[in-house]
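Note that our numbering has the sequence shown beginning at 1091, numbered continuously upward.
Note that the Cβ used here is the ideal one computed from N, Cα and C, for glycine as well.
Predicted, not measured: the structure shown is a model, and the values here were computed from it.
Reading through the structure tokens given below for one structure.
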Amino acid sequence: MIDSNALFAAILGFVLGSIPFGLILTKAAGLGDVRDIGSGSIGATNVLRTGNKGLAAATVLLDAAKGAVPVWIAAHFWPGTEGIAAVAAVAGHCFTPWLKFKGGKGFATAAGVLLALAWPVLLVCAAIWAATLAVSRISSVSSLLTVFAAPIAAWLMGYPQIVMPLIAIAVIVWVQHRANIGRLMRGEEPKIGSGK
């Protein structure tokens, strides 16, 4: 029997997560379809390739918000379903039905989810992300390592209830970065500031 609360949380997370803010913002700003440039993603990194840093920052905030909000709502109305809402929000962003089930890479939405689930873990993950980016200067490397480390950090910091949702989210984010992983293996992934 399907738990109705879990179903409501999943639907809420997926619907809110599926809003393609990167595409909406770039089109509203008259910059065209962000899917036609760079990686074709609707995420903030690709929005930045339009040259508009403000829109990229807004995309990060909105993509994070659409991860955090359903988790907070689920916690309030259906306690215990926060992890389901979290995974659904990231899945909604990555596989949005409004764009033929294609979307972004999921990292900003995953960060918003983690903010709502356990903000101390987010702080640790932010430090991991920043340190990795400083050393590698490759955005995808820092994102991949951070989502891999998130469930480990959650376990060590005393949040075992979110470990499985974070593992599921890490799998989604890694799948969405499969092209980046291929370029990394070939030594072709551009570094920040390389101009490639």
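Let me know the secondary structure DSSP gives residue i once reduced to three states.
i, result
"residue 1119", "coil"
"residue 1065", "Because the chain spans 1091 through 1286 in this model, residue 1065 falls outside it and cannot be assessed."
"residue 1111", "helix"
"residue 1125", "helix"
"residue 1130", "coil"
"residue 1135", "helix"
"residue 1197", "helix"
"residue 1277", "coil"
Exposed or buried, residue i, counting other C-beta atoms within 10 Å across all chains shown (16 or more means buried)?
i, result
"residue 1094", "exposed"
"residue 1210", "exposed"
"residue 1153", "buried"
"residue 1172", "buried"
"residue 1286", "Residue confidence is low: residue 1286 scores 45 on pLDDT, short of 50, so the model does not pin down where it sits. Its coordinate-derived value is still stated next. Classification for residue 1286: exposed."
"residue 1265", "exposed"
"residue 1279", "buried"
"residue 1248", "exposed"
"residue 1118", "exposed"
"residue 1183", "buried"
"residue 1193", "buried"
"residue 1239", "buried"
"residue 1267", "buried"
"residue 1261", "exposed"
Counting along the chain, where does the alpha helix (DSSP H) carrying residue i start and finish?
i, result
"residue 1167", "1143-1167"
"residue 1104", "1094-1107"
"residue 1209", "1209-1226"
"residue 1180", "1172-1184"
"residue 1282", "Segment: none, residue 1282 is in no alpha helix (DSSP H) and carries neither H nor E."
"residue 1245", "1229-1246"
Which same chain residues end up closer than 7 Å to residue i when comparing Cβ atoms and leaving out the 5 residues on each side of it in sequence?
i, result
"residue 1098", "1168"
"residue 1273", "1279"
"residue 1200", "1157, 1180, 1237, 1259, 1263"
For residue i, which residues in the same chain have their Cβ closer than 6 Å to its Cβ, ignoring the five residues on either side in sequence?
i, result
"residue 1233", "1197"
"residue 1162", "1206"
"residue 1223", "1232"
"residue 1158", "1202, 1205, 1206"
"residue 1227", "1281, 1282"
Given residue i, which residues of its chain have a CB within under 8 Å of its CB, disregarding the five upstream and five downstream residues?
i, result
"residue 1115", "1137, 1145, 1148, 1149, 1152"
"residue 1276", "none"
"residue 1243", "1211, 1214, 1215, 1218"
"residue 1102", "1160, 1163, 1164, 1175, 1178"
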